[in-house]
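S.K.:
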Amino acid sequence: IYKRVLQSTSPPLSIGVEKPRRFRKESGLNEHLGRHESETGPCRIPVIAAIAGPAMGGALEIALACDYRVATPDAVMGLPEIKLGLLPGAGGTQRLPRIAGLEAATRMILSGDPVSGDFALSCGLVDKLYENDQDFRARAVDFATEIARLEAPKRNCADMRVAHPDPHGFLADFRRSIEAKTKNLVAPQRCLTSIEAACDLPLTEGLRQEKAGFAELLDTPQSRAGRHLFFAERECTKVPGVARANRPRDIASVAVIGAGTMGRGIAIAFLQAGYPVTLLETTQGALDQGLDQISQHFQRAVDKGRLSADRAQIFSSNASGALNYADLSDADLIIEAAFENMDVKRQIFENLDRHAKQGAILASNTSTLDIDEIAAVTSRPEDVIGLHFFSPANIMRLLEVVRGAKTAADVIATAIKTAKKIRKLPVTVGVCYGFVGNRMLEPYFREGSRLLLEGATPKQVDDVLENFGMAMGIHAMADLAGVDVGARVRQERRDEIAHDPAYQAVQDRLFELGRLGQKTGRGSYLYEGRTRAEDPEIMQISAALAEELGVARRDINDQEILERCLYPLINEGFLILEKGIATRPGDCDLIWANGYGFPNWRGGPMHYADEIGLAHVLNRMNHYRQSLGAYGEMWFTPARLLTELVSSGVTLAEHFDAKKEKS
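Heads up, the sequence shown is in this note's numbering, so the first residue is 609 and it goes up one at a time.
(1) In angstroms, rounded to a whole number, what distance separates the CA positions of T890 and G1131?
(2) If you measure between the beta carbons of Y676 and D726, is that distance less than 9 Å?
(3) Between which two residues does the alpha helix (DSSP H) holding M1078 run?
(4) Expressed to the nearest angstrom, what Euclidean distance is found between the alpha-carbon atoms of L915 and A877?
(5) Whole angstroms are fine: how far does the CA of D991 sit from the CA of A968?
(6) So, E1164 versus G1090, is the Cβ gap smaller than 9 Å?
(7) Can you give me the Cβ contacts of A971 inside the same chain, cut-off strictly under 6 Å, excluding the 5 residues immediately before and after it?
(8) State yes or no: is the C-beta of L1174 within less than 9 Å of the C-beta of P1213?
(9) On the premise that N1179 lies in contact with M1242, defined as a C-beta separation below 8 Å, what is that separation, rounded to the nearest angstrom?
(10) Pull up the DSSP beta-bridge partners for H1263, would you.
(11) Going by the CB atoms, is the gap between F1043 and I1189 shorter than 9 Å?
(12) Could you check how far apart the C-beta atoms of D1087 and Y1133 are, in whole angstroms? I think they sit under 8 Å.
(13) Between the alpha carbons of D978 and L1170, how many angstroms are there, rounded?
(14) Taking a contact to mean a Cβ-Cβ separation below 9 Å, would you say L1177 touches L1061 in this structure?
(15) Just tell me which of P654, E1186, G665 and Y1204 has its CA closest to the CA of H592.
(16) Straight-line CA distance for G666 to A673?
(17) Does DSSP put S1271 in a helix, in a strand, or in coil?
(18) Could you tell me whether the region 858-867 touches the region 904-911, using the rule of 3 or more Cβ pairs below 8 Å?
(19) Helix, strand or coil for F1043, going by three-state DSSP, please let me know.
(20) Tell whether a beta-carbon distance below 9 Å holds between T1026 and A983.
(21) Of the residues G699, L899, E754 and M768, which one's Cα is nearest the Cα of G814?
(22) Could you spell out where the alpha helix (DSSP H) holding L1253 opens and where it closes?
(23) Return the first residue and the last residue of the alpha helix (DSSP H) that E1120 is part of.
(24) Look at the alpha carbon of A1221 and the alpha carbon of G821, and state the distance between them as a whole number of angstroms.
(25) Over what stretch of residues does the alpha helix (DSSP H) that includes E1008 continue unbroken?
(26) Can you tell me where the beta strand (DSSP E) with A658 in it begins and where it stops?
(27) Can you list, in chain order, the residues of its chain with a C-beta nearer than 6 Å to that of H640? Leave out the 5 residues immediately preceding and following it.
(28) Check whether the Cβ atoms of A945 and G868 sit closer than 9 Å, and answer yes or no.
(29) Where does the unbroken beta strand (DSSP E) through T1191 begin, and where does it stop?
(30) With contact counted as at least three CB pairs below 8 Å, one residue from each stretch, are the region 794-809 and the region 688-705 in contact?
(31) Pick helix, strand or coil for H996, following the three-state DSSP scheme.
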């Protein structure tokens, strides 16, 4: 034997992490890689890694420990550990800078994003590219044969230096460039320290420091949060009652009803995945405008170098328009993205029931309305489902798949499969007001508005939440979405909230005054473009309303703001889990981390509750229930599930793990 080629026979390769409760410092991954290095390191024959498909995390670190690497152009390689709050712990931070160069390695490690085979060749990560066909393995063996004939075929990474004219200067600049974005994160700084060690230390010493850094990060709350979300993504497509036997339906063509912002975004998402899309509107002018804006979107991508002109032309040509429901008769999937009003939705689905072919899936993009009520106007409720996209729909990854009482299992399976094809994260939820995301958003927004009545300012509330890690505070978020959007939802729910005359009173007054947020230049803030500034008039509006409603005003500290916004949100999550609207806590966390700006490094609201202690959450809910008088009695009653878990001393994760083992 004078050469060895390593190739996976079952891609994609593992990124080398285990279930959180079994994840330990001395993980099976590190032991496996240690054995591999003991074989490839002192081995006197050249070892070549052949990469066809994904090589992520530990798989790439195995490849880096080889002498040479060959790949296909469509191979993807990356070190995603930073997304789990970790650093690559099996040589990634030490070998990649030596092999691919400091700048490419730093960006790969700090982003966690994969690179293509073409990029890998350009930076030296791989030595040769071959087409991904049946001859790939033979070509890899031929490459190994050529290498074995060299005078010195072995290539020891320990003999390589990080080639850069000013490594410390580059790393210092890189630290500064990511400082604002990573101010709350531990892993990025630890990764940079480990990369710096690759520049200064021998490989063996650098590997020791890397291993120590990995062990240090493994014990952090941020790493637990990252691993929780990682595994939650893998669990969320397992839907009770949907088995492998429920084969997805074929989706060859898609129709979208409504060419507004949401409808266009949905259409673009499907066009980019290769689906032909028919856009339905009520007038020729609205239809022409929608199709034109879709074409402009792809042209902007070409202008920015993100898309080739040929692909843009293909995408645009796959978009067509229609003014009559009869023109949708061949569509396999029809998605309604019209005005958020039940009467409008019912009328659309009555038309779809008359014109859509048998077996077509009829989906609503409603964000709050009852899917069962919509399905009831059709003769085929089993074909009706909710597909709640998040705006902008062509960018936001989250998709709530809303399962109606009569939705067929194969329709859910189709929705999940199709969501993956358009690169969405599908989380299946049940029917209730707001489903999961907006249902949990309701108490969060309610408290944000109530705090203004009691004496806080929009900036004070938003600063507390953004310092906690939220991507955007409550009032900035409401201004971005449009104050009128929330007002319309409250009008639909007026009977349910009539018992609280102060319910989001400030937001309702802003709506009456025409202060609709960013689009009118005034909302909770004043706007010049997207730049927001405080408006003293808001305090006058809040004070006047408080007097009118009999709400006492006072100074409110940051702790109270954080607890009153977050703990009712968490409590609502417990209620949702009680009722089976969400299957598991991780589903709630995925929705909030991917759709509502909850910081990934805190793991989502339900994971965060486990981290800070359910007893603490319960104690503070009871505190506000008592201290806020009638308002507290109205809104701060702890969920039964929360109370039961605290009484039994069990975490939310443990409770659902036990349920899973029993099922």
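From the three backbone atoms N, C-alpha and C, an ideal C-beta is built for every residue, glycine too.
M.R.: With the given structure in hand:
(1) For this step, residue 890 is matched to residue 282 along the sequence shown. For this step, residue 1131 is matched to residue 523 along the sequence shown. Their backbone Cα atoms lie some 31 Å apart in a straight line.
(2) For the purposes of this step, residue 676 is identified with residue 68 of the sequence shown, where counting begins at 1. For the purposes of this step, residue 726 is identified with residue 118 of the sequence shown, where counting begins at 1. At least 9 Å separates the beta-carbon of Y676 from that of D726.
(3) Residue 1078 sits at position 470 when you count from the first residue of the sequence shown. Note, M1078: premise wrong, no alpha helix (DSSP H); not H, not E.
(4) Translated into the one-based positions of the sequence shown, residue 915 becomes position 307. Translated into the one-based positions of the sequence shown, residue 877 becomes position 269. Linking L915 to A877 through their CA atoms gives a straight-line distance of about 14 Å.
(5) Counting from 1 along the sequence shown, the entry for residue 968 is found at position 360. Counting from 1 along the sequence shown, the entry for residue 991 is found at position 383. Cα-Cα distance, rounded: 7 Å.
(6) For the purposes of this step, residue 1164 is taken as the residue at position 556 of the sequence shown. For the purposes of this step, residue 1090 is taken as the residue at position 482 of the sequence shown. Note that residue 1164 is Ile in the sequence shown, not Glu. The Cβ atoms of I1164 and G1090 do not sit closer than 9 Å to each other.
(7) Residue numbering aside, residue 971 sits at position 363 when the sequence shown is read from its first letter. The answer, listed in chain order, is I943, I993 and L995.
(8) Taking the first residue of the sequence shown as 1, we reach residue 1174 at position 566. Taking the first residue of the sequence shown as 1, we reach residue 1213 at position 605. Cβ distance < 9 Å, so L1174 and P1213 count as in contact.
(9) On the sequence shown, residue 1242 is found 634 positions in, with the first residue counted as 1. On the sequence shown, residue 1179 is found 571 positions in, with the first residue counted as 1. Distance from M1242 to N1179 at the Cβ level is roughly 13 Å; contact not present, criterion being Cβ atoms closer than 8 Å.
(10) Start at 1 with the first residue of the sequence shown, and residue 1263 comes out as number 655. Beta-bridge partners assigned by DSSP to H1263: none are found.
(11) Start at 1 with the first residue of the sequence shown, and residue 1189 comes out as number 581. Start at 1 with the first residue of the sequence shown, and residue 1043 comes out as number 435. In this structure, F1043 lies closer than 9 Å to I1189 by Cβ.
(12) Start at 1 with the first residue of the sequence shown, and residue 1087 comes out as number 479. Start at 1 with the first residue of the sequence shown, and residue 1133 comes out as number 525. Yes, they are in contact, since the Cβ atoms of D1087 and Y1133 sit about 6 Å apart, within 8 Å.
(13) One-based indexing of the sequence shown puts residue 978 at position 370. One-based indexing of the sequence shown puts residue 1170 at position 562. Going from the Cα of D978 to the Cα of L1170 covers about 31 Å.
(14) Sequence index remark: in the sequence shown, residue 1177 carries index 569 (1-based). Sequence index remark: in the sequence shown, residue 1061 carries index 453 (1-based). Not closer than 9 Å, so no.
(15) Residue 592 is absent from the model: the chain starts at 609 and stops at 1271.
(16) As a first step, residue 666 is located in the sequence shown; it is residue number 58 there, counting from the start. As a first step, residue 673 is located in the sequence shown; it is residue number 65 there, counting from the start. The straight-line gap from Cα to Cα measures roughly 11 Å.
(17) For the purposes of this step, residue 1271 is identified with residue 663 of the sequence shown, where counting begins at 1. For S1271, the secondary structure class from DSSP, reduced to helix, strand or coil, is coil.
(18) Flag = no, the region 858-867 and the region 904-911 do not touch.
(19) The sequence position of residue 1043 within the sequence shown is 435, counting from 1. Assignment of F1043 by DSSP, reduced to helix, strand and coil, places it in the coil class.
(20) Residue numbering aside, residue 1026 sits at position 418 when the sequence shown is read from its first letter. Residue numbering aside, residue 983 sits at position 375 when the sequence shown is read from its first letter. No; because the gap between Cβ atoms is not below 9 Å, this pair is not in contact.
(21) One-based indexing of the sequence shown puts residue 814 at position 206. Closest option to G814, judged by alpha-carbon separation, among G699, L899, E754 and M768: G699.
(22) Against the sequence shown, residue 1253 aligns to sequence position 645. Following the DSSP letters along the chain, one finds L1253 inside the alpha helix (DSSP H) bounded by residues R1248 to S1256.
(23) One-based indexing of the sequence shown puts residue 1120 at position 512. Per DSSP, E1120 belongs to the alpha helix (DSSP H) from A1113 to E1120.
(24) Against the sequence shown, residue 1221 aligns to sequence position 613. Against the sequence shown, residue 821 aligns to sequence position 213. The amino acid at residue 1221 is misidentified as Ala; the sequence shows Gly. Per the coordinates, the alpha-carbon of G1221 lies some 27 Å from the alpha-carbon of G821.
(25) By one-based count along the sequence shown, residue 1008 stands at place 400. Not the alpha helix (DSSP H): E1008 falls in the beta strand (DSSP E), residues L1006 to V1010.
(26) For the purposes of this step, residue 658 is taken as the residue at position 50 of the sequence shown. Run containing A658: V655 to I659, per the beta strand (DSSP E) assignment.
(27) As a working mapping, residue 640 is identified with position 32 in the sequence shown. In this prediction, H640 scores a pLDDT of 48, lower than 50, which makes its location untrustworthy; the coordinate-derived value is nonetheless stated afterwards. Taking C-beta separations shorter than 6 Å and ignoring five residues to either side along the sequence, H640 has no partners in its chain.
(28) Here the question's residue 945 lines up with position 337 in the sequence shown. Here the question's residue 868 lines up with position 260 in the sequence shown. Contact check for A945 against G868 passes: the beta carbons are separated by less than 9 Å.
(29) Position 583 of the sequence shown, counted from the first residue, corresponds to residue 1191. Boundaries for T1191: no beta strand (DSSP E) harbours it, and the DSSP string shows neither H nor E there.
(30) In short, these stretches touch, since the Cβ pair count reaches three.
(31) Your numbering for residue 996 matches position 388 in the sequence shown. Assignment of H996 by DSSP, reduced to helix, strand and coil, places it in the strand class.
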